[in-house]
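Oh and the sequence shown: position 71 is 81 in my numbering, straight run, nothing missing.
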Amino acid sequence: MAVLELDTNNFEQTIKDNDFVVVDFWAPWCGPCRSFAPTFEKVSEDHDDIVFAKINTEAQQELAAHFQIRSIPTLMIFREQVIIFSQPGALPERSFRELLTKAAALDMEEVKRQVAEQQTAQNG
11 MAVLELDTNN FEQTIKDNDF VVVDFWAPWC GPCRSFAPTF EKVSEDHDDI
61 VFAKINTEAQ QELAAHFQIR SIPTLMIFRE QVIIFSQPGA LPERSFRELL
111 TKAAALDMEE VKRQVAEQQT AQNG
(Lines of atoms letter the chains of each structure in order from A and count residues from 1; the text may use other names and numbers.)
(Lines give C-alpha, C1' and ligand atoms only; values in the text may rest on other atoms or scores of the structure.)
Protein backbone atom coordinates (compact mmCIF):
# COMPACT_ATOMS: atom_id res chain seq x y z
CA MET A 1 0.00 0.00 0.00
CA ALA A 2 1.32 3.45 -0.86
CA VAL A 3 2.12 5.89 1.92
CA LEU A 4 -0.57 8.57 2.16
CA GLU A 5 0.13 12.27 2.43
CA LEU A 6 -2.17 13.68 5.09
CA ASP A 7 -3.36 17.26 5.46
CA THR A 8 -6.16 19.07 7.26
CA ASN A 9 -8.61 17.97 4.54
CA ASN A 10 -8.09 14.20 4.79
CA PHE A 11 -6.58 13.61 8.25
CA GLU A 12 -9.75 13.18 10.30
CA GLN A 13 -11.46 10.95 7.73
CA THR A 14 -8.36 8.75 7.43
CA ILE A 15 -8.25 8.21 11.20
CA LYS A 16 -12.02 7.53 11.36
CA ASP A 17 -12.07 5.12 8.40
CA ASN A 18 -9.08 2.97 9.43
CA ASP A 19 -8.50 0.96 12.62
CA PHE A 20 -4.69 1.14 12.46
CA VAL A 21 -2.85 4.23 11.20
CA VAL A 22 0.85 5.02 11.57
CA VAL A 23 1.72 8.68 11.03
CA ASP A 24 5.20 10.07 10.40
CA PHE A 25 5.49 13.82 11.11
CA TRP A 26 8.42 15.10 9.05
CA ALA A 27 9.83 18.07 7.14
CA PRO A 28 11.83 18.29 3.89
CA TRP A 29 14.80 20.00 5.57
CA CYS A 30 15.08 17.38 8.34
CA GLY A 31 18.03 15.01 7.83
CA PRO A 32 16.82 12.29 10.23
CA CYS A 33 13.38 12.49 8.56
CA ARG A 34 14.92 11.89 5.15
CA SER A 35 17.02 9.00 6.42
CA PHE A 36 13.98 7.36 8.10
CA ALA A 37 11.73 7.73 5.02
CA PRO A 38 13.05 4.62 3.18
CA THR A 39 12.55 2.50 6.32
CA PHE A 40 9.00 3.83 6.75
CA GLU A 41 8.30 3.09 3.07
CA LYS A 42 9.84 -0.40 3.19
CA VAL A 43 7.96 -1.48 6.31
CA SER A 44 4.69 -0.10 4.91
CA GLU A 45 4.98 -2.50 1.97
CA ASP A 46 4.77 -5.49 4.34
CA HIS A 47 1.58 -4.37 6.12
CA ASP A 48 -1.50 -4.18 3.92
CA ASP A 49 -3.66 -4.07 7.05
CA ILE A 50 -2.09 -0.81 8.33
CA VAL A 51 -2.39 2.67 6.84
CA PHE A 52 0.97 4.44 6.71
CA ALA A 53 0.80 8.20 6.35
CA LYS A 54 3.10 11.20 6.41
CA ILE A 55 2.43 14.76 7.51
CA ASN A 56 4.78 17.46 6.27
CA THR A 57 5.02 19.73 9.31
CA GLU A 58 6.11 22.66 7.15
CA ALA A 59 3.03 22.49 4.94
CA GLN A 60 0.65 21.32 7.67
CA GLN A 61 1.58 23.56 10.59
CA GLU A 62 -1.97 23.45 11.96
CA LEU A 63 -1.85 19.65 12.35
CA ALA A 64 1.67 19.77 13.79
CA ALA A 65 0.54 22.36 16.34
CA HIS A 66 -2.60 20.40 17.20
CA PHE A 67 -0.49 17.34 18.09
CA GLN A 68 2.18 19.50 19.77
CA ILE A 69 4.95 18.21 17.53
CA ARG A 70 8.16 19.72 18.90
CA SER A 71 10.72 17.40 17.36
CA ILE A 72 10.80 15.55 14.06
CA PRO A 73 10.56 12.92 12.92
CA THR A 74 7.76 11.98 15.31
CA LEU A 75 5.92 8.69 14.93
CA MET A 76 2.33 8.47 16.10
CA ILE A 77 0.17 5.35 16.04
CA PHE A 78 -3.63 5.46 16.09
CA ARG A 79 -5.65 2.33 16.83
CA GLU A 80 -9.41 2.69 16.59
CA GLN A 81 -9.04 6.49 16.75
CA VAL A 82 -6.96 6.35 19.97
CA ILE A 83 -3.32 7.52 20.04
CA ILE A 84 -1.47 4.56 21.49
CA PHE A 85 2.07 5.71 20.68
CA SER A 86 3.74 9.05 20.10
CA GLN A 87 7.49 9.49 20.18
CA PRO A 88 10.05 11.66 18.42
CA GLY A 89 13.05 10.10 16.72
CA ALA A 90 13.75 7.81 13.81
CA LEU A 91 13.64 4.10 14.57
CA PRO A 92 15.85 1.39 13.08
CA GLU A 93 13.83 -0.98 10.88
CA ARG A 94 13.85 -3.84 13.40
CA SER A 95 12.62 -1.61 16.24
CA PHE A 96 9.93 -0.14 13.99
CA ARG A 97 8.69 -3.62 13.06
CA GLU A 98 8.67 -4.68 16.74
CA LEU A 99 6.70 -1.56 17.65
CA LEU A 100 4.05 -2.37 15.03
CA THR A 101 3.78 -5.97 16.29
CA LYS A 102 3.26 -4.73 19.86
CA ALA A 103 0.76 -2.09 18.72
CA ALA A 104 -1.22 -4.72 16.80
CA ALA A 105 -1.29 -7.01 19.84
CA LEU A 106 -2.82 -4.41 22.17
CA ASP A 107 -6.23 -5.20 23.61
CA MET A 108 -8.08 -2.09 22.45
CA GLU A 109 -11.06 -2.75 24.73
CA GLU A 110 -8.68 -2.56 27.69
CA VAL A 111 -6.99 0.57 26.27
CA LYS A 112 -10.36 2.30 25.82
CA ARG A 113 -11.38 1.31 29.35
CA GLN A 114 -8.17 2.85 30.74
CA VAL A 115 -8.69 6.03 28.69
CA ALA A 116 -12.26 6.32 30.00
CA GLU A 117 -11.02 5.87 33.57
CA GLN A 118 -8.40 8.59 33.11
CA GLN A 119 -10.96 10.97 31.64
CA THR A 120 -13.34 10.29 34.52
CA ALA A 121 -10.57 10.91 37.05
CA GLN A 122 -9.58 14.19 35.33
CA ASN A 123 -13.16 15.42 35.09
CA GLY A 124 -14.27 14.14 38.48
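All residues carry an ideal CB built from backbone N, CA and C; glycine is no exception.
Query: Should the region 83 to 97 be regarded as contacting the region 21 to 29, the criterion being three or more beta carbon pairs within less than 8 Å?; Result: yes
Query: Looking at C-alpha atoms only, which residue of Phe62, Gln97 and Pro42 is the closest neighbour of aspartate 29?; Result: Phe62
Query: Counting C-beta neighbours from all protein chains within 10 Å, is the total for valine 32 16 or more, i.e. buried, or is it exposed?; Result: buried
Query: Quick one: what's got a C-beta closer than 7 Å to lysine 122's C-beta in the same chain, skipping five residues either side?; Result: Val92
Query: Report the three-state DSSP secondary structure of proline 98 (helix, strand or coil).; Result: strand
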